[in-house]
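Chemist: Next up is a structure, given as structure tokens.
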Amino acid sequence: MTLLILMIVAAMAFAFWSASRAAAERAEAVGRDACRAAGVQWLDQSVHAIGLRFYRQDSGWLGFERTFRFDYSINGEDRHIGKLVLRGERLVAFTGPVTREPSALH
Numbered sequence: 001m002t003l004l005i006l007m008i009v010a011a012m013a014f015a016f017w018s019a020s021r022a023a024a025e026r027a028e029a030v031g032r033d034a035c036r037a038a039g040v041q042w043l044d045q046s047v048h049a050i051g052l053r054f055y056r057q058d059s060g061w062l063g064f065e066r067t068f069r070f071d072y073s074i075n076g077e078d079r080h081i082g083k084l085v086l087r088g089e090r091l092v093a094f095t096g097p098v099t100r101e102p103s104a105l106h
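Note that the UniProt record's numbering numbers the sequence shown so that position 90 is 90, with each residue one more than the last.
Right, dumping it as structure tokens:
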């Protein structure tokens, strides 16, 4: 019986770790793409998890909301902090570089 409980706990820990890695990879792709679209330099080539909390999914089940931080530079000498929030695979909040506006033709 103890072995069964240990195996269940280990499986739950692995599932949580796997979901966390998938969320970090998704956050990394979102941060990188946002920096590329805005024409700024994405620093450190990584994101950092800074928050984790529960939220209620549309289905009624509990899910994890993960917050990530990343750094970017506009001119190569400065450093700015961007932040994004994922609920599962869905991006629900983003603070960071904005896409450049196309210049108006005169």
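Built from N, CA and C at the ideal position, the CB exists for glycine as well.
Who are the Cβ neighbours of D44 in its own chain at under 6 Å, not counting the five residues just before and after it?
Modeler: D71
Chemist: Measuring CB to CB, does F64 end up less than 8 Å from L52?
Modeler: yes
Chemist: Does S20 come out as helix, strand or coil in the three-state DSSP assignment?
Modeler: helix
Chemist: Measure how close the beta-carbons of Y55 and R87 come, nearest whole angstrom, since I'm counting them as under 8 Å.
Modeler: 6 Å
Chemist: Please report the straight-line C-alpha distance between I50 and R66, rounded to a whole angstrom.
Modeler: 8 Å
Chemist: Which class does G60 belong to by DSSP, given the choice of helix, strand or coil?
Modeler: coil
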